[in-house]
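Engineer: Numbering follows UniProt numbering, with no gaps: position 112 of the sequence shown is 112.
C-beta: ideal position from N, C-alpha, C; glycine also.
What you are looking at is a predicted structure, and each value in this text was computed from that prediction instead of being measured.
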Amino acid sequence: MLEFNQLENNHQEYEIKDGYRYLMGAQPQFPWHRVIWNPLTVAKHQFTMWLLVHEKLRTKDNLQFMQVSPLCVLCSGVDESCRHLFFECSWSKQLLQLAANWVGVDVMHFKFQNWLRWLRYGFKEKWRRQVVTAMVAACAYGVWSERNNRIFRQQQFQPHQTFRLLQAELGTKLVFSKWAKASGPNNFLIDRIRAAI
Ligand SMILES: [Zn+2]
Numbered sequence: 001m002l003e004f005n006q007l008e009n010n011h012q013e014y015e016i017k018d019g020y021r022y023l024m025g026a027q028p029q030f031p032w033h034r035v036i037w038n039p040l041t042v043a044k045h046q047f048t049m050w051l052l053v054h055e056k057l058r059t060k061d062n063l064q065f066m067q068v069s070p071l072c073v074l075c076s077g078v079d080e081s082c083r084h085l086f087f088e089c090s091w092s093k094q095l096l097q098l099a100a101n102w103v104g105v106d107v108m109h110f111k112f113q114n115w116l117r118w119l120r121y122g123f124k125e126k127w128r129r130q131v132v133t134a135m136v137a138a139c140a141y142g143v144w145s146e147r148n149n150r151i152f153r154q155q156q157f158q159p160h161q162t163f164r165l166l167q168a169e170l171g172t173k174l175v176f177s178k179w180a181k182a183s184g185p186n187n188f189l190i191d192r193i194r195a196a197i
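#1: CA-CA distance, V78 and T59?
#2: By Cβ distance below 7 Å, which residues in the same chain neighbour H84 in space, the five residues on each side in sequence not counted?
#3: Should C75 be listed as close to ligand 1, given that the test is whether its C-beta is under 6 Å from any heavy atom?
#4: So does the segment 112 to 130 actually touch the segment 148 to 165, counting three or more Cβ pairs closer than 8 Å?
#5: Excluding five sequence neighbours on each side, which residues of the same chain lie with their C-beta closer than 6 Å to the C-beta of R192?
#6: Cβ of C82 versus every heavy atom of ligand 1: is any distance shorter than 6 Å?
#7: Please return the same chain residues whose Cβ sits closer than 8 Å to the Cβ of A140, not counting the five positions on each side in sequence.
#8: In three-state terms, what does DSSP make of D79?
#9: Helix, strand or coil for L166, going by three-state DSSP, please let me know.
#10: If I follow the unbroken alpha helix (DSSP H) through K126, where does it start and stop?
Listed below in structure tokens is the structure:
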């Protein structure tokens with residue numbers, strides 16, 4: 001832990017971020033904020049993704065005291081947990097596959113820890129990481145919305161229907177972003193996104 005007397009003894013090396021670290025105490029091991037907070041992600045998708053990676057969403061495994069059925073409402077085959085709902089459920093995998101195809105990546109072989117880490121370290125180009133993260137956050141939002149709609153509104157969508165909604169929402173955000181404007185005419189992904197919304 002960095003101490004203030006160290007800071008005082010090393011004026012030349014002191015930086016604001018050191019003081020921030022001292023005041024904030026021990027930080028989480030994985031810097032999720034660097035992955036999740038990016039300008040290409042839709043704000044409400046970003047918020048759901050943040051709750052997801054910190055396992056703060058109130059899935060049924062955290063609500064056992066309410067005596068509700070523990071089964072996942074999307075597949076009815078497995079007890080609902082954050083991990084199952086977003087990374088293992090067959091409904092969610094179909095949604096993620098559609099979205100991954102759209103932005104041209106293969107994510108289906110990843111397990112929970114691996115593909116989240118991949119978002120942080122798996123891309124040479126910052127813009128590609130941001131687009132894929134925005135896509136994953138959109139899926140997290142879509143899964144959580146579908147789960148809530150089934151429980152509270154008795155509405156039910158198929159993965160391709162939810163995907164179309166997310167595609168329009170995220171596609172609009174991407175097409176009008178600074179990234180799209182700065183990408184120039186040769187970015188095939190922008191063309192594909194524009195064609196789909
Ligand atoms: Zn399920």
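Structural biologist: Working from what's here:
#1: Using only the alpha carbons, I get a separation of about 13 Å.
#2: The answer, listed in chain order, is C72, V78.
#3: Checking the Cβ of C75 against ligand 1 gives yes.
#4: As far as the Cβ criterion goes, the segment 112 to 130 does not touch the segment 148 to 165, which means the pair count is below three.
#5: There are no such residues.
#6: No, since every heavy atom of ligand 1 falls outside the 6 Å radius drawn around the Cβ of C82.
#7: The residues H45, T48, M49, L52, F86, in chain order, have a CB closer than 8 Å to that of A140 in the same chain once the five nearest residues on each side in sequence are set aside.
#8: If DSSP states are grouped into helix, strand and coil, D79 belongs with the strands.
#9: Three-state result, L166: helix.
#10: Its alpha helix (DSSP H) spans residues 126 to 148.
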